[in-house]
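J.: Have a look at this one before I ask anything.
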Amino acid sequence: MLLASQISLIPNIPGNAQWTQNGLTVAGGNGKGNGTNQLSYPWSLYVDDDQTVYVADRENARIVEWKWGAISGQVVAGGNGEGSGAHQLSYPLGVIVDKERDSLIICDGSNKRVV
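Per our numbering, residue 537 is the first one in the sequence shown, and the count goes up by one each step.
Following this line, the structure appears as structure tokens:
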């Protein structure tokens, strides 16, 4: 039986360690804008279990869904201009997916609400 004091969660990484750089753009990357292949101040993201990325696209007042390998996203919330209507967002700051209820939970910053 191991005690908590015997388990180290912090790896011992040498000061001269070298890392392989292999980043991959999975959303946006086509300059600032409001096209389905663009973002404007992406604020946060959520990655679900099938590698779909949901981005809170702050200045476009929308949530954009990017399927794995897609070259453009799909607006799944907001995208109807900034505002406080039921179909609008204002500076969305975060998004998570509730798979059990098949819904998004969005922190709608300037409207001071969670929808």
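Where a beta carbon is used, it is the ideal one built from N, C-alpha and C, also for glycine. Note that this is a predicted model, so its numbers are computed, not measured.
Cα separation between Gln-610 and Glu-601?
T.: So the alpha carbons of these two residues sit roughly 5 angstroms apart.
J.: DSSP three-state label for Glu-595, please.
T.: DSSP places Glu-595 in helix when its eight states are reduced to three.
J.: Given a cut-off of 7 angstroms, decide if Tyr-627 and Gly-614 are closer than it, judged by their beta-carbon atoms.
T.: In this structure, Tyr-627 does not lie closer than 7 angstroms to Gly-614 by Cβ.
J.: Determine, for Ala-622, whether the minimum Cβ-Cβ distance to residues of chain C falls below 7 angstroms.
T.: Judged by its chain identifiers, the structure shown contains no chain C, having just a single protein chain.
J.: Using a Cβ-Cβ cut-off of 6 angstroms (strictly less than) and excluding sequence neighbours within five positions of Asn-570, which residues of its own chain qualify?
T.: Once the five neighbours on either side are set aside, the close Cβ partners of Asn-570 are Asn-596.
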